[in-house]
Amino acid sequence: MLGDRLGESAGKITSVRILPSEGEQVWLEVSFQGRGNLLGQEITDTGTYRQTIRRGGVLYGEGHVLMMSPAGDLVDWVGGGVGRPTGPGYKASFGVFGTAQTRSEKLGRLGEVADVIEYEVEEDGSYRWTMWEWTGGGLTESQAAAAQ
1 MLGDRLGESA GKITSVRILP SEGEQVWLEV SFQGRGNLLG QEITDTGTYR QTIRRGGVLY
61 GEGHVLMMSP AGDLVDWVGG GVGRPTGPGY KASFGVFGTA QTRSEKLGRL GEVADVIEYE
121 VEEDGSYRWT MWEWTGGGLT ESQAAAAQ
């Protein structure tokens, strides 16, 4: 079940590199950087993912993102997802899943939940993502509080 909205960010792809093929799979390495908010905290997100095109034009990717607040709180996120090209250039739409680790008290909830993300990339390489908690069918913190 889709739970509470955890955050969002927007930014720009900063580099694309062609990686060595694995069999018939051609992989791209995509790096990006942006700004947003996570659990009410301002963040800078910097990440890299590798992406390939599967049969039928399906995009598949695996990534690693570091999110940092101005106060130095760090979130180490890993995940993957699938998507489809939606236009020319970099334009694509992805459904992404992931988990995070952090020692931050302010952002600690991220280490306790799975997350799902809508990740949209525009033709010019700009991106925007929105992250939600994935509850797996249970109640979110806000839903449980409202039920009491």
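Numbering (full-length UniProt numbering), first residue to last: 1 to 148.
Heads up, the beta-carbon is just placed ideally off N, CA and C, and yes, glycines get one too.
- Take residue 68, set aside five residues on each side of it, and the residues of its chain with a beta-carbon closer than 7 Å to its own are 43, 44 and 74, in chain order.
- The DSSP-derived three-state label of residue 55 is helix.
- Separation of the CB atoms of residue 132 and residue 2 is rounded to 5 Å, and the pair is thereby assigned contact status at 8 Å.
- Beta bridge pairing from DSSP links residue 124 with no other residue.
- Assigned with DSSP and collapsed to three states, residue 146 falls in helix.
- By the neighbour-count definition (other C-beta atoms within 10 Å, threshold 16), residue 146 is an exposed residue.
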